[in-house]
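Chemist: Below is a structure I'd like to ask you about.
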Amino acid sequence: MSIRKVEVLTLTKNEIIYKNIKHAKFKQVLVMLLVLLLPLTGVFFSRYGVDHDIFTNIANLSNPIYSPFVDNSGVSFVDSVGYEFEDKVLEFQLPLASSSIEVKNNCINITVKENVVVSATESGIVSEVGENADGVKYIKILHSKDIESVIENIAVSGVVVATVVKKGDKLASASVGEKVIFKIFEKGNAVNNIKLTNNVITWGN
Numbered sequence: 153m154s155i156r157k158v159e160v161l162t163l164t165k166n167e168i169i170y171k172n173i174k175h176a177k178f179k180q181v182l183v184m185l186l187v188l189l190l191p192l193t194g195v196f197f198s199r200y201g202v203d204h205d206i207f208t209n210i211a212n213l214s215n216p217i218y219s220p221f222v223d224n225s226g227v228s229f230v231d232s233v234g235y236e237f238e239d240k241v242l243e244f245q246l247p248l249a250s251s252s253i254e255v256k257n258n259c260i261n262i263t264v265k266e267n268v269v270v271s272a273t274e275s276g277i278v279s280e281v282g283e284n285a286d287g288v289k290y291i292k293i294l295h296s297k298d299i300e301s302v303i304e305n306i307a308v309s310g311v312v313v314a315t316v317v318k319k320g321d322k323l324a325s326a327s328v329g330e331k332v333i334f335k336i337f338e339k340g341n342a343v344n345n346i347k348l349t350n351n352v353i354t355w356g357n
């Protein structure tokens with residue numbers, strides 16, 4: 153009887169060892185496949201690129217409130233080293249369209265209605281994306297060595313520091329009913345006598 157018990161225990165133990173070996177081999181095969189596929193995937197996308205629509209679709213899925221943007225805070229896609237400002241006369245336009253616009257205290261206050269897309273008022277490079285002490289989100293764009301614009305009270309930013317933008321490029325989204333505030337600074341000081349004429353922003357005398 154004792155000999156038979158030893159044989160049964162040996163068979164059970166062998167079966168358990170067999171299953172463990174099979175599971176370990178499966179994991180090894182899976183790891184090997186991942187190691188081989190990841191470099192090949194990287195080579196493919198680096199050589200042939202990625203369709204812009206893929207990124208758009210991902211943004212649409214990840215941000216159901218407003219599709220064009222997801223918050224990219226802390227991520228930089230463009231290197232600002234070597235950036236040269238365009239040698240041209242700057243002509244600023246409104247950052248978003250609205251039927252309710254107020255020019256007050258050297259700022260342009262725009263009440264967000266149907267259009268929630270915030271666009272670049274002029275070409276330049278994003279110098280700062282942040283949030284002030286009151287929780288108001290803003291984007292600063294350097295348009296020349298001396299002139300910088302600030303768009304305050306955005307909802308979701310679609311750009312990061314060092315992003316090079318062209319006039320009219322989409323920058324962010326805004327919330328319906330909120331006021332987006334636009335300011336221009338020259339040599340660090342807010343410009344005086346800011347005006348809006350036929351959607352063109354000017355200042356000074």
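For the sequence shown, the working numbering assigns the number 357 to the last residue and increments by one with no breaks.
Here a beta-carbon is modelled for each residue, glycine too, at the ideal position from N, C-alpha and C.
CA-CA distance, histidine 204 and glycine 310?
Modeler: What you label residue 204 is simply residue 52 of the sequence shown in a count that begins at 1. What you label residue 310 is simply residue 158 of the sequence shown in a count that begins at 1. At histidine 204 the pLDDT is 44, less than 50, meaning the model places this residue with poor confidence; the figure from the coordinates comes in the next sentence. Rounded to the nearest angstrom, the two C-alpha atoms are 15 Å apart.
Chemist: Tell me, please, which residues DSSP counts as bridged to isoleucine 290.
Modeler: Looking up residue 290 in the sequence shown gives position 138. For the sequence presented, residue 290 should be read as tyrosine rather than isoleucine. Bridge partners of tyrosine 290: Gly282 and Glu304.
Chemist: To the nearest angstrom, how far is the alpha carbon of asparagine 257 from that of glutamate 236?
Modeler: As a first step, residue 257 is located in the sequence shown; it is residue number 105 there, counting from the start. As a first step, residue 236 is located in the sequence shown; it is residue number 84 there, counting from the start. Rounded to whole angstroms, asparagine 257 to glutamate 236 spans 32 Å at the Cα level.
Chemist: Under 6 Å Cβ to Cβ from isoleucine 299, same chain only, skipping five residues before and after it: list those, please.
Modeler: Reading the sequence shown from its first residue, position 147 is the one you call residue 299. Closer than 6 Å at Cβ, skipping near neighbours: Glu338.
Chemist: Please state whether the Cβ-Cβ distance between glycine 320 and serine 279 is less than 7 Å.
Modeler: Your numbering for residue 320 matches position 168 in the sequence shown. Your numbering for residue 279 matches position 127 in the sequence shown. Not closer than 7 Å, so no.
Chemist: Note down, in chain order, each residue of its chain lying with its Cβ closer than 6 Å to the Cβ of valine 343, except the 5 sequence neighbours on either side.
Modeler: As a working mapping, residue 343 is identified with position 191 in the sequence shown. Hits under 6 Å: Ile336 and Trp355.
Chemist: Check the C-beta distance from leucine 242 over to asparagine 351 and give it rounded, since I have them as a contact under 8 Å.
Modeler: Your numbering for residue 242 matches position 90 in the sequence shown. Your numbering for residue 351 matches position 199 in the sequence shown. The pair is not a contact, with the Cβ atoms about 15 Å apart (cut-off 8 Å).
Chemist: I'd like to know whether the C-beta atoms of asparagine 267 and lysine 331 end up nearer to each other than 7 Å.
Modeler: For this step, residue 267 is matched to residue 115 along the sequence shown. For this step, residue 331 is matched to residue 179 along the sequence shown. In this structure, lysine 331 does not lie closer than 7 Å to asparagine 267 by Cβ.
Chemist: Mark valine 181 as exposed unless 16 or more other C-beta atoms lie within 10 angstroms of its C-beta, in which case mark it buried.
Modeler: Position 29 of the sequence shown, counted from the first residue, corresponds to residue 181. Counting Cβ neighbours within 10 Å, valine 181 comes out exposed, since fewer than 16 surround it.
Chemist: How many angstroms separate the CA atom of serine 228 from the CA atom of phenylalanine 178?
Modeler: Within the sequence shown, the letter at position 76 stands for residue 228. Within the sequence shown, the letter at position 26 stands for residue 178. Annotation note: pLDDT 39 at serine 228 (below 50); position unreliable, no value reported.
Chemist: Report yes if the C-beta distance between isoleucine 306 and lysine 322 is below 7 Å; otherwise report no.
Modeler: On the sequence shown, position 154 is the one that residue 306 refers to. On the sequence shown, position 170 is the one that residue 322 refers to. Not a contact, by the Cβ cut-off of 7 Å.
Chemist: Would DSSP call phenylalanine 337 helix, strand or coil?
Modeler: Residue mapping note: residue 337 aligns to position 185 of the sequence shown, counting from 1. It is a strand residue.
Chemist: Where do the N-terminal and C-terminal ends of the beta strand (DSSP E) with threonine 354 fall, by residue?
Modeler: What you label residue 354 is simply residue 202 of the sequence shown in a count that begins at 1. Per DSSP, threonine 354 belongs to the beta strand (DSSP E) from 352–354.
Chemist: Which first and last residues belong to the beta strand (DSSP E) in which valine 255 is found?
Modeler: Sequence index remark: in the sequence shown, residue 255 carries index 103 (1-based). Looking at the DSSP string, the run of the beta strand (DSSP E) that includes valine 255 is 253–256.
Chemist: Alpha carbon to alpha carbon, how far is lysine 347 from leucine 294? Give it in angstroms, no decimals.
Modeler: Taking the sequence shown and counting its residues from 1, one reaches residue 294 at position 142. Taking the sequence shown and counting its residues from 1, one reaches residue 347 at position 195. Roughly 20 Å between the two C-alpha positions.
Chemist: Return the CA-CA distance between threonine 273 and phenylalanine 244, expressed in angstroms with no decimal places.
Modeler: If you number the sequence shown from 1, residue 273 lands on position 121. If you number the sequence shown from 1, residue 244 lands on position 92. Cα to Cα, the separation comes out at about 5 Å.
Chemist: Which residues mark the beginning and the end of the beta strand (DSSP E) in which leucine 348 is found?
Modeler: In the sequence shown, residue 348 corresponds to position 196, counting from 1. It spans 347–349 - the beta strand (DSSP E) in which leucine 348 sits, taken as one unbroken run.
Chemist: When burial is assigned at 16 or more other CB atoms within 10 Å of the CB, is valine 187 buried or exposed?
Modeler: Translated into the one-based positions of the sequence shown, residue 187 becomes position 35. Classification of valine 187: exposed, given that the 10 Å Cβ count is below 16.
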